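> Start counting the sequence shown at 3; every next residue gets the next number (our numbering). Got a structure for you, questions after.
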Amino acid sequence: GKGKGKGKEEASAEESNAEETEEPKVYDPLTRPLTLKSLIRAVHVGKGCADSVCGVLRKKYPETEQEFKATGLDKDGAEHFDPERCGEKLRIPVPMTWETQLSERGNCAEVWQDLVKS
Numbered sequence: 003g004k005g006k007g008k009g010k011e012e013a014s015a016e017e018s019n020a021e022e023t024e025e026p027k028v029y030d031p032l033t034r035p036l037t038l039k040s041l042i043r044a045v046h047v048g049k050g051c052a053d054s055v056c057g058v059l060r061k062k063y064p065e066t067e068q069e070f071k072a073t074g075l076d077k078d079g080a081e082h083f084d085p086e087r088c089g090e091k092l093r094i095p096v097p098m099t100w101e102t103q104l105s106e107r108g109n110c111a112e113v114w115q116d117l118v119k120s
């Protein structure tokens, strides 16, 4: 008879099958999550500041001199490969601000004088 809901069950089963077959849009630039790595790639950062980019991404220091040159850490021959640092995670340098100086050296007159001079 009418109104027993048999047609509703079949329709909902078809809808659930359609939802399961849709694949997530992982490679769609409008729906994929924004990460530091994708942002760095999008704005083309890295020319001349490979050490900062590797530090932000917390990459490890290269194992070989070839990898060192390939990543751009050699800065066109200005820097040399250091085998003692192999595998070490790269970090960005701590900026010299009044907060970092007071934290390191304490809140005293000498620190403030040095800050005013610089």
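Virtual Cβ for every residue (Gly too), placed ideally from N, Cα, C. Every value quoted in this text rests on a predicted model; they were computed, and no experiment measured them.
My assumption, with CB atoms under 8 Å, is that L59 sits in contact with K77. Please give the rounded CB distance.
No, L59 and K77 are not in contact; Cβ-Cβ is about 18 Å, not under 8 Å.
> Sorry if obvious, but does the Cβ on T33 come closer than 7 Å to a heavy atom of the ligand ADP?
Here there are no bound small molecules, and the ligand ADP is not part of this structure.
> In its own chain, which residues sit with a C-beta less than 7 Å from the C-beta of R107, not counting the 5 before and 5 after it?
Taken in chain order, the residues that qualify are V113.
> Would you report the Cα separation of P64 and A111, rounded to the nearest angstrom?
Those two C-alpha atoms are separated by around 43 Å.
> Counting only beta-carbon separations shorter than 8 Å, does P35 have a partner in chain C?
The structure shown contains no chain C, having only a single protein chain.
> For K91, list the residues DSSP reports as bridge partners.
Note: K91 sits in a beta bridge opposite K62.
> Which word fits L92, buried or exposed, when buried means at least 16 other C-beta atoms lie within 10 angstroms of its C-beta?
That one is buried.
> Does DSSP put L32 in a helix, a strand or coil?
Reduced to three states, the DSSP call for L32 is coil.
> Would you check if the distance between the CB atom of T90 and the CB atom of K49 is smaller than 8 Å?
According to the sequence shown, residue 90 is Glu rather than Thr. Not a contact, by the Cβ cut-off of 8 Å.
> Identify the continuous alpha helix (DSSP H) that holds S40 and give its terminal residues.
38-45 is the extent of the alpha helix (DSSP H) around S40.
> Look up P97 in the DSSP assignment and say whether it is helix, strand or coil.
Residue state, collapsed to three classes: coil.
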